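Here's the structure, in structure tokens; my notes come after.
Residue numbers (UniProt numbering): 1 to 501.
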């Protein structure tokens, strides 16, 4: 079977087995044969059979076709093919690969659906948090591809009941994988027509690399506007796509009711708050010293700000699958996914679906008891302490010292200042400077003693005008006082001789 596979099928097989799928055909064959000799798992064996059946689909052939040239008996079959089978009446009813009949006869035979893809596979679609499923109009149905054509097309029909006429319709595409719930995934070159009208599909995402086929985002298709709201006329859906080797797809139509972020937040609160002891146990587990490690973590700092909005947390939550303690705000997280549903944790960038969200009870206690800080520190015993910035700590520590400074400043107003930056050269320069000039005696604030001579102006009429205080001087150096302007009297020199003026 492996020797008859093509390059693309060998690449699918090696990729499924987790081996290197690059190289030429003989290299790929060698890798596949080594895989078989080493003892592959039953899943890989089933994959080989599936690829072989895709390569050589078995179809029923009538006895008349046995007379075709080139096919005479079972002995002429190539090695590796099973002999003809027989029915209960003993007449030969051969089951031959269609490739033996030639391309012309292969195209003329009626094509039957392959048994590899059931009509209704046991596929579970991933639940959409913002849509409540009311009814299932079309169960998950396989998109069966015909190997003779590249572009495939399938037609489906559904009818509405009177209760469903006023409700919402949604179409979903996913991979036909039954091991786990599948998210929306669109086949290549998908085209959907509802009642003969094309349906709007989500736009392509920008490719991350050159030469990579663009993909559509994983979102459901809303076909409400194209559905006939009638109980008598059925609705038809025509799906066309490009077949892809190694992948099969399924489609389903659901009747849903869209919900808002406020409803989802209310449901999250109704689930309850996780016990704070659970988070304390997780803290102790993280801070437990590893005896084999030389580095031990003694504390853990966590922010009380949401990494999404950079605001203080109101409803701290995180995914149950996340291993970190940092929480994000549930309100912002749900509102952002309402606009663009990604459901990725903003802390560790891992999947954080709505079903796995939990509200942390320990953070709820911390937020209610600590309202003046934005960061805390967990200790080894599970306790916590607020982390304040250095500026705030300095301001708090300087408050008592400032009060002491004020009291000491009142007692000692004069403070001696010593300049410690002076060196020997600066001291010598200061010694070479001339001494300061003497202060003018007239500007000295010292008043003369009362027993010394004082100059008095007896001819001044104004009692307010006074001469400034001066040191004592000899009277011979003092000229006589000039006359006042308001007296208008002539100035005469006086003499000490009697009888002369």
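Heads up, the beta-carbon is just placed ideally off N, CA and C, and yes, glycines get one too.
A quick note: this is a predicted structure, and the numbers were derived from the prediction, not measured.
Per DSSP, the unbroken beta strand (DSSP E) holding residue 257 starts and ends at 249-258.
The beta carbon of residue 21 sits closer than 6 Å to the beta carbons of 11, 14 and 15 from its chain, once the five residues preceding and following it are set aside; these are given in chain order. According to the DSSP assignment, residue 386 belongs to the beta strand (DSSP E) that extends over 384-386.
Excluding five sequence positions before and after residue 343, the CB atoms of its chain that fall closer than 7 Å to its own CB belong to 337, 351, 352, 353 and 354, given in chain order. Under the three-state reduction of DSSP output, residue 222 falls in the strand class. Scanning 141, 219 and 208 for the CA closest to the CA of residue 200 turns up 219. Straight-line measurement puts the Cα of residue 339 at about 27 Å from the Cα of residue 363. By DSSP's assignment, residue 157 forms a beta bridge with 236. Per the coordinates, the alpha-carbon of residue 250 lies some 36 Å from the alpha-carbon of residue 359.
In this structure, the straight-line span from the alpha carbon of residue 280 to that of residue 382 is close to 5 Å. Proximity of the region 265-274 to the region 207-218 falls short of the contact definition, fewer than three beta-carbon pairs being nearer than 8 Å.
Per DSSP, the unbroken beta strand (DSSP E) holding residue 316 starts and ends at 316-319. Of all C-beta pairs linking the region 314-332 to the region 361-381, three or more are shorter than 8 Å, placing the two stretches in contact. Residue pairing of residue 305 in beta bridges, as defined by DSSP: 312. Beta-bridge partners of residue 357 (DSSP): 319. With contacts defined by Cβ atoms closer than 9 Å, residue 284 and residue 297 do not form a contacting pair.
Approximately 5 Å separates the beta-carbon atoms of residue 158 and residue 138; this is inside 8 Å, confirming the contact. Only buried fits residue 9, as 16 or more other CB atoms lie within 10 angstroms of its CB.
Residue pairing by DSSP places residue 274 opposite 360 in a beta bridge. Using a Cβ distance threshold of 9 Å, residue 228 and residue 195 count as a contacting pair. For residue 138, the three-state secondary structure derived from DSSP is strand. Residue 42 carries a helical assignment under DSSP once its states are collapsed to helix, strand and coil.
Listed in chain order, the non-local C-beta contacts of residue 329 below 8 Å within the same chain comprise 306, 308, 309, 311, 313, 314, 315, 316 and 317, local neighbours out to five positions each way being set aside.
In the three-state reduction of the DSSP assignment, residue 11 falls in the helix class, which pools H, G and I. The beta-carbon distance between residue 1 and residue 48, rounded to whole angstroms, is 6 Å. This is short enough to meet the 8 Å contact definition. Nearest C-alpha to residue 375 among 26, 301 and 127: 301. In the DSSP assignment, residue 376 falls within the beta strand (DSSP E) that extends over 375-378. Residue 206 counts as exposed, since fewer than 16 other C-beta atoms from the protein chains shown sit within 10 angstroms of its C-beta. Put simply, the backbone Cα of residue 259 is about 49 Å away from that of residue 295.
One alpha carbon belongs to residue 52, the other to residue 242, and they sit about 20 Å apart. A residue is called buried once 16 or more other Cβ atoms fall within 10 Å of its Cβ, and residue 235 is buried on that count. If you compare the alpha carbons of 27, 212 and 379 with that of residue 288, the shortest gap goes to 379. With a cutoff of 9 Å on beta-carbon distance, residue 164 and residue 255 are scored as near each other. DSSP places residue 35 within a helical segment (H, G or I) once states are collapsed to three. Inclusion of residue 341 and residue 129 in the CB contact set at 9 Å is warranted, their separation being smaller than that value. Per DSSP, residue 348 has no beta-bridge partner at all.
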